[in-house]
Amino acid sequence: LVIPHITRFLVGPNFKILLPVSMVLGALFMLVVDDFARTVISGEIPVGVITSIVGAPLFIYLMFKGRRTWV
Numbered sequence: 324l325v326i327p328h329i330t331r332f333l334v335g336p337n338f339k340i341l342l343p344v345s346m347v348l349g350a351l352f353m354l355v356v357d358d359f360a361r362t363v364i365s366g367e368i369p370v371g372v373i374t375s376i377v378g379a380p381l382f383i384y385l386m387f388k389g390r391r392t393w394v
């Protein structure tokens, strides 16, 4: 859920660029997290747990950052 927001920050709101870049970055993020879950940590941790650990703080940051512009 966070990768499209980060991609929009990097490339802007043009959907012709945003959609393909978001798909590629999302796939790369999942590959990196899956590799991390299988090799760095002993035992195998579900990928969803690691993506939640990484994504939740970023999503909360984006939520509070966006709230300032609403007021």
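So in the numbering used here the end of the sequence shown lands on 394, straight run, no missing numbers. Ideal Cβ placement from N, Cα and C applies to all residues, glycine included.
SER345 sits buried, since 16 or more C-beta atoms from the chains shown fall within 10 Å of its C-beta. Remark: C-beta atoms of VAL334 and LEU342 do not approach each other more closely than 8 Å. For GLY349, the uninterrupted alpha helix (DSSP H) segment begins and ends at 338 to 362. In the three-state DSSP reduction, VAL334 falls in the helix class (H, G or I). The C-alpha of ARG331 lies about 11 Å from the C-alpha of LYS339.
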